[in-house]
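At the far end of the sequence shown sits residue 749, using my numbering, and the numbering has no gaps.
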Amino acid sequence: METTQVGDEQLRESLLRDWQDHTKQPTAVAARLRERLAFPMGAQDLVELAALATHVFGEHLGDWQAGMGYLDQLIDAHDGAPAESLRRIDRQHAVLERLEDVNASLDRFDANDRLYITALALPAITLQRSVAEAETAVAEAMHLLASNDCHEYRKLFGVVTANLVCDLLDRSALSAARRRLLIVLAEKSHALWLQEGDETDREKSAFRLMQSYQKCRMPDNYRSGRYPRYGSIEP
515 METTQVGDEQ LRESLLRDWQ DHTKQPTAVA ARLRERLAFP MGAQDLVELA
565 ALATHVFGEH LGDWQAGMGY LDQLIDAHDG APAESLRRID RQHAVLERLE
615 DVNASLDRFD ANDRLYITAL ALPAITLQRS VAEAETAVAE AMHLLASNDC
665 HEYRKLFGVV TANLVCDLLD RSALSAARRR LLIVLAEKSH ALWLQEGDET
715 DREKSAFRLM QSYQKCRMPD NYRSGRYPRY GSIEP
């Protein structure tokens with residue numbers, strides 16, 4: 515089906531609502547995404563739909579095969595879309611390929627796209643796969659970042675790692691290996707925001723780093739840190 519620019523405000527509103535709802539209702543959002551597969555839409559809406567589907571199926575549902583299947587159907591339904599839109603959907607497909615196999619080849623992409631794909635795959639790999647696989651993904655991302663001077667892509671990596679650090683901080687308990695990984699991510703993210711961020715970005719990053727140090731250095735039996743008063747009032 516040939517995609518057309520229809521200026522559909524209802525579609526735009528539904529996409530916005532799905533972005534707002536997906537964290538608490540990923541299954542419901544995934545169902546709505548399936549209903550929109552063949553809707554006529556403009557190039558930008560098509561790419562945004564693919565990005566949302568990748569995020570929902572990849573990070574929230576952990577169903578990478580279903581996500582890749584969805585993107586394949588999306589491309590089939592909009593095979594007349596501009597080449598640039600199809601390229602960007604293929605980039606989303608590669609994110610899901612990386613979630614299924616952290617060593618999946620990215621040779622068909624340029625340096626910017628490889629950094630983009632590696633960055634977007636990092637949260638799900640870190641939270642859903644082994645620590646060793648997460649460490650491999652982080653190392654590759656840092657290697658790609660070192661040779662990339664594009665502010666937009668470097669800032670994207672900063673956003674992804676900031677959110678990932680927050681996800682790890684929210685977890686009630688982390689293994690020793692994941693604690694070490696949290697420190698690495700927080701330190702790398704902070705160093706990046708010092709270069710690419712504004713004053714607010716740097717302040718937030720420094721605070722996340724402090725929180726990470728605190729979480730990872732807290733003794734296992736610390737609990738509240740308080741002592742019972744009844745045993746110390748009359749020494």
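Beta carbons are placed, not taken as given, at the ideal position from N, Cα and C, and that holds for glycine. It should be emphasised that the depicted structure is a prediction, and the values quoted were computed from it without experimental measurement.
DSSP on residue i, reduced to helix/strand/coil?
{"i": "residue 671", "result": "helix"}
{"i": "residue 721", "result": "helix"}
{"i": "residue 568", "result": "helix"}
{"i": "residue 536", "result": "coil"}
{"i": "residue 608", "result": "helix"}
{"i": "residue 677", "result": "helix"}
{"i": "residue 528", "result": "helix"}
{"i": "residue 685", "result": "coil"}
{"i": "residue 583", "result": "helix"}
{"i": "residue 626", "result": "helix"}
{"i": "residue 621", "result": "coil"}
{"i": "residue 615", "result": "coil"}
{"i": "residue 637", "result": "helix"}
{"i": "residue 744", "result": "helix"}
For the alpha helix (DSSP H) holding residue i, just list the boundary residues, first then last.
{"i": "residue 654", "result": "645 to 660"}
{"i": "residue 704", "result": "690 to 710"}
{"i": "residue 555", "result": "Careful: residue 555 lies outside any alpha helix (DSSP H) and carries neither H nor E."}
Does the Cβ of residue i have 16 or more other Cβ atoms within 10 Å, making it buried, or fewer, making it exposed?
{"i": "residue 675", "result": "buried"}
{"i": "residue 733", "result": "exposed"}
{"i": "residue 717", "result": "exposed"}
{"i": "residue 665", "result": "exposed"}
{"i": "residue 582", "result": "buried"}
For residue i, which residues of its own chain have a beta-carbon under 7 Å away from its beta-carbon, when the five flanking residues on both sides are left out?
{"i": "residue 596", "result": "557"}
{"i": "residue 573", "result": "637, 638"}
Can you give me the Cβ contacts of residue i inside the same chain, cut-off strictly under 6 Å, excluding the 5 residues immediately before and after it?
{"i": "residue 742", "result": "none"}
{"i": "residue 577", "result": "571"}
Less than 7 Å between the CB of residue i and some heavy atom of the ligand SAM, yes or no?
{"i": "residue 625", "result": "For the ligand SAM, the structure offers nothing, since it holds no ligand at all."}
For residue i, collect the residues of the same chain with a Cβ closer than 8 Å to its Cβ; drop the 5 residues on either side in sequence, then sort them by chain order.
{"i": "residue 588", "result": "551, 560, 563, 564, 567, 603"}
{"i": "residue 691", "result": "645"}
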